[in-house]
Every structure is written in C-alpha cells, then in structure tokens.
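First the structure, in the form of structure tokens, and then the observations on it.
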Amino acid sequence: MTDSKTATKLTIDNSGVDPQTNFSANPTFAAIIESRMARRRFLKGSVGAAVAAIIGSSIAGCSSDSDPVASPAPVVPPVGAAPLLGFAAIATNRMDTITVPEGYTATTFLPWGTPLNGTYPAYLADGSNSGSDQEQQVGMHHDGMHFFPIDSRTSATNSEEGLLVFNHEYIDNNLIHTNGITTVPRLADEVRKEVAGHGVSVAHIQKQADGSWALVNNSPFNRRITGATPMELAGPVRGSAKTVTKYSPDGSRTRGTLNNCGNGYTPWGTYLTCEENWAGYFMNADADKPREHSRYGVPSGNGRYFWETATPAADVYQRFNASSTGASAADDYRNEPNTFGWIVEIDPFNPDSVPQKRTALGRFGHEGIIFGKLEEGKPLVVYSGDDSRFEYIYKFVSTAPYYKNTAGGHLLNDGILYVARFNDDGSGEWLPLDISNTDFMAKAAAEGVSFSDQADILLNTRLAADVAGATKMNRPEWGAVHPETGEVYFTLTNNTARAEQQTDAANPRANNATGHIIRWHERETQEAMAFDWDIFLLAGDVGTATPDTDLTLSADNHMASPDGLWFDKNGLLWIQTDMSGSQQGEGPYGNNQMLVADPVTRQIKRFLVGPTDCEVTGISATPDMKTLFVNIQHPGDRSNPGDFTSNWPDGGNSRPRSATVIVTKDDGGVIGS
13 MTDSKTATKL TIDNSGVDPQ TNFSANPTFA AIIESRMARR RFLKGSVGAA
63 VAAIIGSSIA GCSSDSDPVA SPAPVVPPVG AAPLLGFAAI ATNRMDTITV
113 PEGYTATTFL PWGTPLNGTY PAYLADGSNS GSDQEQQVGM HHDGMHFFPI
163 DSRTSATNSE EGLLVFNHEY IDNNLIHTNG ITTVPRLADE VRKEVAGHGV
213 SVAHIQKQAD GSWALVNNSP FNRRITGATP MELAGPVRGS AKTVTKYSPD
263 GSRTRGTLNN CGNGYTPWGT YLTCEENWAG YFMNADADKP REHSRYGVPS
313 GNGRYFWETA TPAADVYQRF NASSTGASAA DDYRNEPNTF GWIVEIDPFN
363 PDSVPQKRTA LGRFGHEGII FGKLEEGKPL VVYSGDDSRF EYIYKFVSTA
413 PYYKNTAGGH LLNDGILYVA RFNDDGSGEW LPLDISNTDF MAKAAAEGVS
463 FSDQADILLN TRLAADVAGA TKMNRPEWGA VHPETGEVYF TLTNNTARAE
513 QQTDAANPRA NNATGHIIRW HERETQEAMA FDWDIFLLAG DVGTATPDTD
563 LTLSADNHMA SPDGLWFDKN GLLWIQTDMS GSQQGEGPYG NNQMLVADPV
613 TRQIKRFLVG PTDCEVTGIS ATPDMKTLFV NIQHPGDRSN PGDFTSNWPD
663 GGNSRPRSAT VIVTKDDGGV IGS
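Residue numbers in the sequence shown follow the numbering used here, run continuously in steps of one, and reach 685 at the last position.
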C-alpha cells in the first residue's frame, strides 16, 4: 500500500449488504408470525399431510382455519422416468475445491478475465490487465445466470448450443489489481477496469464432440454490458424531471448497470438483470439529501470504491458524485442515482440492442425477478424482493394481457406494482402502489407524504411501500415459482438485527443469522390480490426443526443463509447459500453450498459444496436437464494482495477467480436423478 492510500484510511465494504434504511413503524415479519402461531396450526404428521401443505390450487397448510382448502393429488413423474434425488448427499467441508456427489463431474468454465473473442487480450495471472482489456473479458464475481438455447425464439429445445448470460455483481479491489488500489484519488484506468468488471457477459457456447463445452470464438453474440454501457429508461419514469442529468437532459438515458445480483428471463427470450446494492457506489455531500437518496442509503462521504475521485477527471466517473454542483440538474449528476435500482432488460440475440431499464417494476435493491405461471390472455405477473433488512416483497401485474405470439418488453412498461402484507392468520394481501388508487393516496396524505405522479412513486418505491403498510421482511432475496402448481417460494436470507422480544415459534432465534424460506399461493388467479402463506423451511444446524412440519435438518441438509433459489423443469427446488466468511470459517456448515429439495416429500439433500470463502449463486440448465450451470462467486474474498485465502480454480499460488461450473452426470443422465 502507498502512503497516500494509508493516509486516507481507505475502507471498502464488500459485504454485499446495504445498511438498514427502513425505520418505518410497519410490523416486522417476526411479530406477525408470533401472533399467527398463537391462533392457528399447520398441517403435520404424515407424508400425505406434507403433500397437502405444498401442492394444490392453494396451499392447504397456508389457509385460514376458517377456510379449509382441499388438496389435489401430487404431481407424479412419468412412468419410466429416472427417480429424483437419486444421488447420495455429500458432507459439508472446507476444501478449496468443488465437491459434487459420486457419479457427477464439475468442470470450471469462463472464469473472470476470459477473453470473449480470440483477438481480445488474454487474462494475466498477476492482475495487470488494463481497463480496456477488462471491457473485452468476462467480468468479476459471477452471479445470476440463464442459458438460452440457440433456438430460443422457436422451439427452445437445443441442449448443445446457446447463449450463457450471467451477471457480475461487484469487484474485489484486492484481487482485480496486481497490488490492490494504488492510491486515492483513484487512478482513472483502475476505475475504468473496476467499472468494466461489473455488469453482464453474453457468451455463445457450444457442446463439443467429447462432451465438453467451449466458447464459440468470434461469435457476434459474445458481448459485455458494463457499468458504462449506454442504456434507456423505459416506462413511467422515463423523462421525469428527477432523471435529468448532464448526460441526459431529457431524462431518458443513463450509463451502465451496477451490482447485478440475481436475474430473470422473459417468456419472449430476453434476459433480466437486477440492480441490488447500487446506492453505495454514489455519494452526495449536500446538506439536505432528497428522499430518493436518503431512503436508499446514498452516503454523504465517498462512494464505495471512490470512483468519483478518478484522476485525470472524466465525466463517466464524475457522475458518481451526486452532489448539487451545477446551476441545475442538467448541469451535474445530482439525479444520477435515480437512474439505478431498476430491472434491466437485455436482448442477448441482438448485440446492437440498447438495454432497457424497466421502471414500472419499481426502484429498490432488486435481488432477483421471477414470472408467475404464464396464462394466455391473462396479465403477466412478476415478483421481486428488496434485499435489505426490514424491506419488502413486490409483485407487478401488467395492464395488457400476455399472448405468446405478441409478447415483448412493452408488457413491462405498463401495469400496477404491489407490495406484500402478510397477515397473522396465514393470509396475505397485495397493496397497490398506484397514483390512481384513492386509498393509497389517502394513506400517504395522512402520513404527510406527497407523490406528484406515478414516476415519483416508483422513484420512491420503498417510501411508497412504507406508506401502504407492507410487512417488513428479513432480507427478501431470490424467488422461484413451481412450474406446475404456481406456488411461489422466496428466500429470506437472514436478519441479525432481530431483537430477543421478536422471537417466536416460527423464528425462535434472536440475532437471526441463518434465515428461512417462505412460500405462498395466490388465491384463484396469479393476479389475485390475496394469497395464503406459510414457512417452508427454517435454516440452521443439525436438529433445526420447522415447527408444525416433519422437517428436521440433518447432516445431509443443514444450512445457513439460503439465497439463490430455482425450480428446475422437473419440479425440484435448488437452494444456494450465502454465508459470510466468518460464518463459513467458524460455524458448523463449512463452505457455502447448494442443496436440492423435493417440495412434495420435503426431502432435501446437499448436492454441491464450493471452494474457500465463495458464495454459491446463479443456476441454469440445458432443456434436457443433462447439463447444469452453477456460478461460484468471490472465492477467497478475505484475501489481501499477494496473500490469497483461496487459489481456486487455477490452483497453486494463483489469485482466486469467480467462474461458472458445469455439472454433468457421468452416465449422461438427468441432473438430480
């Protein structure tokens, strides 16, 4: 470290968790569970009861005691199909490698720094690649991901060629440069490299004759979207006075996407990337910060990586200073943070397309995005969680109905955004965040909150949810929708701010570091305004029981901090964990892992354990379910320059690199069988 860097006492927070900014009086989820458990019971006992609690037109175990719901028969695999969960669960470990069950093979693929075309600069093991190099290479810290078969726009059945599209959530300054950050003020090329390390990679891949996968060299589809790529604002916020900047005087455009965590994909074959903990990248030294900044945690001091200090100065980096420095918003970047916090739609099959930030879906710390079960002639339904302590779960319902032959991004520009309230009797309500809703506007007026138009509501989604009276949750992260029944599952990763007086039968732990999974079923239709809910899983050590169920965790499946969540086409629920480094190093769980659950029987088995200090995140598969793609993020994230806590995947004394892992079954069978 240089004297300059030491003198500034540079502290960079790579925890991936934004500070708590919700101090509203809305009830916590724990308080609601406590009241609910005093009034009703879940179904329990036999496997049949467990099935009734999970599968059906409503979740029987989630219904109000006064409104019992009959359960249909469980989904049965086709005759002759391979049995699901046929593998032997693996044990936890702290090895610096990928562990999968016997009969499976895991192969590293497309690590950070891989050139996306053969003429691009190669990855340099000493971390000395330049900013321009990084703009042409796979980014850092892989996260959400989706495999698009090359025939996605027709049959979508090709399992041997396609586009693998994946996020890059953040960068580790101790690894991306040879010796970490050189100095503050920051060197412009180091900042350029860090901005380029964020965003999304589009990689055209193909299965080879020997069964391995390779990048299709010089494919026109291979592409990087970074923290500096030009983008359009779409939907109600486009053209708002609060998105006017020096770069976009009409408030219609911005540059880049940041902190891309979870993901989604549309029925029309495009990719959705989610901007999660974006607020910390900016700074605003104004004495009075607007609510669009303060409610989201934009700091008053320097941004997370000090990008605004880049020297020589350049407009593309000065935009991270959101202070009022000019005569008007068109003369500075006071509104730049308002162009982040959105869901971004990317067309991977059109390299010339401009990414669209879909503002009707709300502005917050999006962890992921999932579509409800599709129905021709019915509105689209989309769910997303706000990954911060005591934040909310949201649902968007499109105004126009979905028709496969005409569906497109326009469906995400017009609709109503709702926020969830979980009632103490096991029911729930979707509360509209809508300028035309008189009840909502009356609540806002009663609390002294005003909104000028729908754009103002969406720019202040968290505040609007406070006003509506939503339920404060424990870091809502990824969601998944069962492919047959339409039940929705959401991970609530953890909340160490839970106080002792908030403990209850369903969440009996203060300082809750292990999290749980909630699920619900919409009443009657996906776009319904009411739902029924219960707790699917309480995470924890061996012996942790989910009350009023038969589920007790064992050595085969104990876990902490569930995060990534995905249903495969066979109805198996894949669960990925994101424990902190200290929790991995000192707790009973070993390294972060991936488990798979049968939601009909509640059987859960550990399938994969990642290398040292990593997060297991991001998952997709080929249509035939014989190739599974899994992302490994930030191995060795407690490293210092030259002192690496992991050397995965290259081994030896190498610096760690995030990468995708390809998992196949040695006999060529279906993954999970």
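Using N, Cα and C, we set each Cβ at its ideal position, and we do this for glycine too.
- As computed with DSSP, Phe-579 is found in a beta bridge with Leu-585.
- With contacts defined as CB atoms closer than 9 Å, Glu-499 and Pro-391 fail to qualify as a contacting pair.
- Around the C-beta of Lys-581, fewer than 16 other C-beta atoms lie within 10 Å, and the residue is accordingly described as exposed.
- When C-alpha distances from Arg-235 are compared across Glu-534, Gly-130, Ala-551, the shortest belongs to Gly-130.
- Judged by DSSP secondary structure, Asp-155 falls within the beta strand (DSSP E) whose first and last residues are 154-161.
- Check the Cα spacing between Glu-287 and each of Asp-298, Pro-279, Thr-278, Gly-268: the tightest is with Gly-268.
- C-alpha of Ala-467 to C-alpha of Arg-433: approximately 23 Å in a straight line.
- Annotation: Arg-474 to Tyr-404 spans about 8 Å, alpha carbon to alpha carbon.
- About 7 Å separates the beta carbon of Val-356 from that of Leu-284, a gap short enough to meet the 8 Å contact definition.
- Judged by DSSP in its simplified three-state form, Val-212 adopts strand.
- Spatial neighbours of Phe-160 in its own chain (CB-CB distance under 7 Å, excluding positions within 5 residues in sequence) are listed in chain order as Gly-174, Leu-175, Val-177, Gly-281, Pro-360.
- Ranked by Cα distance from Leu-471, the options Asp-437, Thr-613, Ala-253 are led by Ala-253.
- Here Gln-330 carries a helix assignment [DSSP, helix/strand/coil].
- The C-alpha of Thr-561 is placed about 22 Å away from the C-alpha of Met-485.
- A distance below 9 Å separates the beta carbons of Pro-661 and Pro-668.
- Rounded to the nearest angstrom, the gap between the Cα atoms of Pro-113 and Thr-321 is 48 Å.
- Taking the Cα of Ala-476 as reference, the smallest distance to any Cα among Val-493, Glu-489, Ala-458 is reached at Ala-458.
- Contact between Met-157 and Ser-632 is confirmed by a C-beta separation of about 5 Å, below the 8 Å threshold.
- In terms of CA proximity to Gly-440, Ala-482 leads the group Thr-411, Gly-420, Leu-424, Ala-482.
- Separation of Phe-352 and Lys-416 (C-alpha to C-alpha, rounded to the nearest whole angstrom) is 30 Å.
- The closest CA to that of Val-150, considering only Gly-420, Leu-187, Gly-209, Thr-120, is found on Gly-209.
- DSSP places Lys-455 in the uninterrupted alpha helix (DSSP H) bounded by 450-458.
- Val-608 is classed as buried because its beta carbon has at least 16 other beta carbons within 10 Å across all chains shown.
- Fully enclosed alpha helix (DSSP H) runs of no fewer than 4 residues occupy 303-306, 327-330 of the stretch 300-345, in order along the chain.
- The Cβ atoms of Thr-119 and Thr-624 do not sit closer than 9 Å to each other.
- Check the Cα spacing between Gly-491 and each of Asn-604, Leu-585, Lys-638: the tightest is with Leu-585.
- The C-alpha of Tyr-132 is placed about 15 Å away from the C-alpha of Pro-123.
- By the Cβ neighbour-count rule, Val-554 is exposed, with fewer than 16 other Cβ atoms within 10 Å of its own.
- Separation of the CB atoms of Gln-588 and Thr-629 is rounded to 6 Å, and the pair is thereby assigned contact status at 8 Å.
- When DSSP states are grouped into helix, strand and coil, His-189 belongs to the coil group.
- Between Asp-201 and Gly-143, the beta carbon gap of about 5 Å places them in contact (Cβ cut-off 8 Å).
- Note: Asn-524 is bridge-paired with Asn-507 in the DSSP secondary-structure output.
- DSSP places Leu-386 outside any alpha helix (DSSP H), giving it a letter other than H or E.
- Between Ala-339 and Asn-347 a beta carbon distance of about 14 Å is seen, past the 8 Å cut, so the two are scored as non-contacting.
- Listed in chain order, the alpha helix (DSSP H) elements of length 4 or more contained wholly in the stretch 108-148 are 143-146.
- Within the same chain, Gly-281 come within 6 Å of Ser-164 by CB-CB distance, once the 5 residues on both sides are set aside.
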